[in-house]
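In our numbering, the protein residues as written are 7 to 299.
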Ligand SMILES: [Zn+2]
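Listed below in structure tokens is the structure:
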């Protein structure tokens, strides 16, 4: 096993990015490259910074590139360095980052802090994407539902149903679904799990028809006929869910149904990039859409 690369500490990170200029430089480098084929003149150009503006100019023709265009940094009064700092917190945290913590750390209003966190979570979702799991030669796929949330304003039980699917040694996908019934669970599995995969679940009724759809299905209590009974377990997805629930309780306390999926993206992002934590920050910067030319 190769060792997971070490991440910088907050202090090292802030030393590396002492001001907005150094952040802008890094943004340009990560998103476009300071040397790239110019979109206008087509030459392999070096781009140099234009003083007092957040742009870089082609050495040959003067074409200008604004690395913040299309990003959340474009129309914001929050400094680039503060954005970098908060993004760094998200990529290095294990249990999530609350808006309160952001408010305290960089000294913005709660509303601004919440908006920053919300955007970062959405971009974490874009980076992560949702790849198909399992398939021929793929690992065993575990699927499990979880119920997350609390009570509504009337004190009634108001938990969201989420489906989590994880490939052993691979990635995790989560989805908030309308109900725990088969007609919501099965289509989600079709969408993300390749045909013919080995799937391990508990004995919930919603999973029962999986074998009719060509999956090799084993349930935790009735061991599968097709693969070794010791392999039929849902420990990985259960561990993922317990981590998510612990973190939500500890960091976020309550999460509205409306935004639950964005929080799940955040946990997916970190889970799926856990072996390359040093790439998380730059992948996030690259995830912002580029403006059309
Ligand atoms: Zn040019």
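For glycine and all other residues, C-beta sits at the position ideal for the given N, C-alpha and C.
1. With contact counted as at least three CB pairs below 8 Å, one residue from each stretch, are the stretch 92-103 and the stretch 58-65 in contact?
2. Going by the C-beta, is residue 258 closer than 7 Å to any heavy atom of ligand 1?
3. Rounded C-beta distance between residue 277 and residue 182? I'm assuming under 8 Å.
4. Residues near ligand 1, CB to any non-hydrogen atom under 6 Å, in chain order?
5. Rounded to whole angstroms, what's the CA-CA distance from residue 248 to residue 296? Just pull it up for me.
6. Over what stretch of residues does the beta strand (DSSP E) that includes residue 117 continue unbroken?
7. First and last residue of the alpha helix (DSSP H) that includes residue 192?
8. I'd like to confirm the pairing. Which residues does DSSP put opposite residue 50 in its beta bridges?
9. So residue 74 packs on residue 125, CB below 8 Å; how close in whole Å?
10. Would residue 294 and residue 77 qualify as a contact pair, given that the criterion is a beta-carbon distance under 8 Å?
11. Using three-state DSSP, classify residue 84 as helix, strand or coil.
12. So, helix, strand or coil for residue 25, using DSSP?
13. Mind reading off the beta-carbon distance from residue 140 to residue 85? Whole number of angstroms is fine, and I expect it under 8 Å.
14. Comparing alpha-carbon positions, which option in 127, 128 and 109 lies nearest residue 119?
15. For residue 184 and residue 250, what's the separation of their Cα atoms in angstroms?
16. In this structure, does DSSP put residue 246 in helix, strand or coil?
17. Measure the beta-carbon distance from residue 212 to residue 191 and round it to whole angstroms, keeping in mind my assumption that it falls under 8 Å.
Looking at the atomic coordinates:
1. They do not touch, by the three-pair rule.
2. no
3. Going by Cβ atoms, the distance from residue 277 to residue 182 rounds to 17 Å, so no, they are not a contact pair.
4. 44, 46, 47, 49, 51, 64, 66, 67 and 69
5. Rounded to the nearest angstrom, the two C-alpha atoms are 36 Å apart.
6. Where residue 117 is concerned, there is no enclosing beta strand (DSSP E), although the alpha helix (DSSP H) it sits in stretches over 116-134.
7. 188-198
8. 43
9. Contact doesn't hold; Cβ gap of about 14 Å is too wide.
10. yes
11. coil
12. coil
13. Contact flag wrong, Cβ pair sits at about 44 Å.
14. Comparing alpha carbon positions, the residue from 127, 128 and 109 closest to residue 119 is 109.
15. 19 Å
16. helix
17. 4 Å
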